[in-house]
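Numbering (our numbering), first residue to last: 6 to 371.
This is how it looks when you write it as structure tokens:
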């Protein structure tokens, strides 16, 4: 009796119709998700704001083409992120009514800007899978060799012809100020075919034969612009006053009017506000809008009182400041806010000399 021995590397499959794995081909392609060339974001939007809602790519149901026999073994697309690191943040969002909760935010390399990447499987013969984070498994049977995956056991006739997917990318405000710049284009997802071999206790595996190559998803670059207004420095000439101009503690000199210009505000922001503070928090009475003179001053016993020109109320210091109600989110434009400044007698004794003061203003944009 003669025996013929064959050694075949790889998986061993029984060849009955109901147990043999599908014969699939395809993959090897690169799919580009085209994002907007530019996107604008107000500088001070809250952390976690999704300022570019997920851009959903086209459906690609035939990333892999499988035979259409009556074999009932499943096939599907596995995926994993590439060239992405997690920021440590998570956000909640939705695509087409499908909620994606606690989704990781990935770093983009641009300060203040993160990325969300979602995926759903499309397998012929099964309803489309729901959306998930690219690295979150949503399949019925769990990850395959560490890859989030899906698999379809076939339609009513017991067959699945093709396996594919769809993907989406959005941008998120992360910790720190948003810096204008380029989010570089890159490969973000790797695709592979997963199959189930019912002859081997239903083991799922990533196909490794040459006709089912890995595919890739890339994103186009996107320029991030930060929305803000122009706010030039303001110098207020206070003039000279004799010592006799001060009549006692709490008295003031004649007010000097000045304007703070807020120029060239772009449209598309929700609001613009301005806040004032003495740089070193050196106040005589912050609630009354009175700041101390700067350290280079030689005059003693006085400070600077700042009030709103419209009604004489004290300037808000060390608070959230003023909402500029003249800002038009549709048109943008320029505005100004008007104040009065006057020297304020803080002590019973006034010593003549130079009298300078500094107040900083900070703009906020939402």
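Think of the CB as a built atom: it goes at the ideal place given N, C-alpha and C, for glycine as much as any other residue. Given the structure is predicted, the values throughout are model-derived calculations rather than measurements.
Self-check item: Contact under 8 Å by Cβ, residue 62 with residue 154
Solution: Cβ distance not < 8 Å, so residue 62 and residue 154 don't count as in contact.
Practice problem: Could you check what DSSP says for residue 266 in three-state terms: helix, strand or coil? | Solution: Under the three-state reduction of DSSP, residue 266 is assigned to strand.
Quiz item: What did DSSP end up calling residue 248 once you bin it into helix, strand or coil?
Solution: Residue 248 carries a helical assignment under DSSP once its states are collapsed to helix, strand and coil.
Quiz item: Expressed to the nearest angstrom, what Euclidean distance is found between the alpha-carbon atoms of residue 66 and residue 368?
Solution: Taken atom to atom, the span from the alpha-carbon of residue 66 to that of residue 368 is near 49 Å.
Exercise. Check the DSSP bridge columns for residue 186 and list the partner residues they point to.
Key: According to DSSP, residue 186 bridges with 229.
Quiz item: In angstroms, rounded to a whole number, what distance separates the CA positions of residue 70 and residue 139?
Solution: For the pair residue 70 and residue 139, the Cα-to-Cα distance works out to about 22 Å.
Quiz item: Do you know how far the Cα of residue 363 is from the Cα of residue 245?
Solution: When rounded, the distance between both Cα atoms is 18 Å.
Quiz prompt | Distance between residue 30 and residue 76 (C-alpha atoms, nearest Å) | solution = Residue confidence is low: residue 76 scores 47 on pLDDT, short of 50, so the model does not pin down where it sits. Its coordinate-derived value is still stated next. CA-CA distance, residue 76 to residue 30, rounds to 16 Å.
Practice problem: Output the boundary residues of the beta strand (DSSP E) element that contains residue 135. | Solution: Residue 135 -> no beta strand (DSSP E), and no H or E assigned at all.
Self-check item: Given residue 301 as reference, the closest of 358, 282, 236, 324 once Cα atoms are compared
Solution: When only C-alpha atoms are compared, the closest one is 358.
Quiz item: Looking at residue 276 and residue 193, is the spacing between their C-beta atoms short of 8 Å?
Solution: Contact annotation: residue 193 and residue 276 have beta-carbon atoms that are not nearer than 8 Å.
Quiz item: Mind checking residue 310: buried by the 16 CB within 10 Å criterion, or exposed?
Solution: With 16 or more Cβ atoms within 10 Å of its Cβ, residue 310 is classed as buried.
Self-check item: Cross-strand partners of residue 195 (DSSP beta bridge)
Solution: Answer is 85, 221, bridged to residue 195.
Quiz item: Between the Cα of residue 266 and the Cα atoms of 97, 32, 332, which residue gives the shortest distance?
Solution: The shortest C-alpha separation from residue 266 is found at 332.
Quiz item: Can you tell me whether residue 84 is buried or exposed, with buried defined as 16 or more other CB within 10 angstroms of its CB?
Solution: Counting the other CB atoms within 10 Å of its CB gives residue 84 a total of 16 or more, which places it among the buried residues.
Practice problem: List the DSSP bridge partners of residue 216. | Solution: Answer by DSSP bridge pairing: none, since residue 216 is not bridged.
Exercise. Buried or exposed for residue 214, please, with buried defined as at least 16 other CB atoms from any protein chain shown within 10 angstroms of its CB.
Key: Residue 214 is exposed by the Cβ-count criterion.
Practice problem: With a cut-off of 8 Å on the beta carbons, I'd call residue 174 and residue 224 a contact; round off their distance for me. | Solution: Yes, they are in contact, since the Cβ atoms of residue 174 and residue 224 sit about 5 Å apart, within 8 Å.
Quiz prompt | Beta-carbon contacts of residue 181 that lie in its chain and below 6 Å, excluding the five residues immediately before and after | solution = Here the set comprises 116, 117.
Quiz item: What residues are listed by DSSP as bridge partners for residue 365?
Solution: Residue 365 pairs with 282.
Exercise. Look up residue 75 in the DSSP assignment and say whether it is helix, strand or coil.
Key: Only weak support is given to the placement of residue 75: the predicted model assigns it a pLDDT of 42, under 50, and the value that follows is read from those uncertain coordinates. DSSP, read as helix, strand or coil, puts residue 75 in coil.
Exercise. Grab me the residues of residue 48's own chain with a C-beta within less than 7 Å of its C-beta, minus the 5 sequence neighbours each way, in chain order.
Key: Excluding sequence neighbours, residue 48 sits near 182, 183, 231, 232, 233, 370.
Quiz item: Can you tell me the Cα-Cα spacing of residue 251 and residue 57, whole angstroms?
Solution: Going by the C-alpha atoms only, they are around 57 Å apart.
Exercise. Give the DSSP bridge partners of residue 340, in chain order.
Key: Residue 340 has 267 as its beta-bridge partners, per DSSP.
Quiz item: residue 3 and residue 348: beta carbons closer than 8 Å?
Solution: Residue 3 is absent from the structure shown; the chain starts at 6 and stops at 371.
Practice problem: Below 6 Å CB to CB, which residues in the same chain sit around residue 74 once its five sequence neighbours on both sides are set aside? | Solution: Because the pLDDT of residue 74 is 47, which lies under 50, any placement of that residue in the model is unreliable, and the number read from its coordinates should be weighed accordingly. Contacts found: none.
Quiz item: Which residues bound the beta strand (DSSP E) around residue 38?
Solution: Element bounds for residue 38: 35 to 38.
Exercise. Just the C-alpha distance for residue 328 and residue 64, rounded to the nearest angstrom, thanks.
Key: Rounded to whole angstroms, residue 328 and residue 64 show a C-alpha spacing of 45 Å.
Exercise. Take residue 373 as the anchor and find which of 185, 221, 191 has the nearest alpha-carbon.
Key: Look at the range of the chain in this structure, 6 to 371, and you will see that residue 373 is not part of it.
Quiz item: Among the residues of its own chain, which have a CB less than 7 Å from the CB of residue 9, if the five just before and after it don't count?
Solution: Summary for residue 9: the model assigns pLDDT 29, below 50, so the residue's position carries little reliability; its value from the coordinates is reported in the next sentence. So the list is empty, once near-sequence residues are dropped.
Quiz prompt | Sequence-distant residues of its chain with Cβ nearer than 6 Å to residue 7 (five each side left out) | solution = Reliability fails at residue 7, whose pLDDT of 34 lies under 50, so the model's placement of it is uncertain and no value is given.
Exercise. Can you give me the Cβ contacts of residue 356 inside the same chain, cut-off strictly under 7 Å, excluding the 5 residues immediately before and after it?
Key: Hits under 7 Å: 304, 305, 306.
Exercise. Please state whether DSSP places residue 173 in a helix, a strand or coil.
Key: Collapsing the DSSP output to three states places residue 173 in a strand.
Practice problem: For the beta strand (DSSP E) holding residue 93, just list the boundary residues, first then last. | Solution: In the DSSP assignment, residue 93 falls within the beta strand (DSSP E) that extends over 91 to 100.
Exercise. Assign residue 101 to one of two classes, buried (16 or more other C-beta atoms within 10 Å of its C-beta) or exposed (fewer than that).
Key: Exposed, because fewer than 16 other Cβ atoms sit within 10 Å of the Cβ of residue 101.
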